[in-house]
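J.: Quick note on the numbering used here: the sequence shown kicks off at 574 and runs consecutively.
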Amino acid sequence: MREAIQTALKEAEKSQDKTRVCTLRLIKAAVKDRDSAARSAGKDPVSEVEISEILTKMIKQRKESAKTYEESGRLELAELERVESAVIAEFLPEQLCEDSVKQVCAEVVEDTGAEGLRDMGKCMNALKTKYPGQMDFTKASGIVKNMLR
């Protein structure tokens, strides 16, 4: 994924796409920041899964910002946030559709042998391990919660 980001940055610089260049530099900076934090803690550089988590968090921040800008009537800034979100999303694995998420949640509940809400953490850990970056875990959490009731 690091190579894909670097390649995309070079292409964006060649085509002089300023918005894309800025967004890709933000991605690189976030990953580099997490790498240096891991290094200072004596750990390995961040993995692909952790990079996916960083990107997912960045997209979530941009969506929230876009919503805030729309509510305050700053439509040009909201559009910029959406464009940045789309650039970031290019590097994430394909997201599962809602039906697939429900099916996967049901499988995980069955596989883990979860019987009640106290097993929720076990189910969510299994989902995050098997499907990193492939779904909105907040929505998945609600689905699992309903299944365990």
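All C-beta atoms in this analysis are idealised placements derived from N, C-alpha and C, irrespective of residue type, glycine included.
Small disclaimer: the values here were computed from a predicted structure and weren't measured.
Return helix, strand or coil for Q579, following the three-state DSSP convention.
T.: Mapped onto the sequence shown, residue 579 falls at position 6. Assignment of Q579 by DSSP, reduced to helix, strand and coil, places it in the helix class.
J.: Take the Cβ of C696 as the centre, count every other Cβ of all protein chains shown within 10 Å, and call the residue buried at 16 or more, exposed below.
T.: As a working mapping, residue 696 is identified with position 123 in the sequence shown. Burial call: buried.
J.: Contact defined as beta carbons within less than 8 Å: I believe L665 pairs with T629. What is the distance between those atoms, to the nearest angstrom?
T.: By one-based count along the sequence shown, residue 665 stands at place 92. By one-based count along the sequence shown, residue 629 stands at place 56. Right, their Cβ atoms sit about 7 Å apart.
J.: Output needed for D692: all residues of its chain with C-beta closer than 6 Å, excluding positions within five of it in sequence on either side, in chain order.
T.: What you label residue 692 is simply residue 119 of the sequence shown in a count that begins at 1. Once the five neighbours on either side are set aside, D692 has no close Cβ partner at all.
J.: Does DSSP put L648 in a helix, in a strand, or in coil?
T.: Counted from its first residue, the sequence shown places residue 648 at position 75. Three-state result, L648: helix.
J.: Just the C-alpha distance for N698 and G686, rounded to the nearest angstrom, thanks.
T.: Numbered from 1 along the sequence shown, position 125 holds the residue referred to as residue 698. Numbered from 1 along the sequence shown, position 113 holds the residue referred to as residue 686. Approximately 13 Å between the Cα atoms of the pair.
J.: Which whole-angstrom value is the C-beta distance of L725 and C678, which I expect to be below 8 Å?
T.: It is not possible to answer for residue 725, since the shown part of the chain is limited to 574 through 722.
J.: Do the CB positions of E643 and M574 come within less than 7 Å of each other?
T.: Your numbering for residue 643 matches position 70 in the sequence shown. Your numbering for residue 574 matches position 1 in the sequence shown. Not a contact, by the Cβ cut-off of 7 Å.
J.: If you compare alpha carbons, which of D606, D684, D617, A662 is closest to I632?
T.: If you number the sequence shown from 1, residue 632 lands on position 59. Nearest C-alpha to I632: A662.
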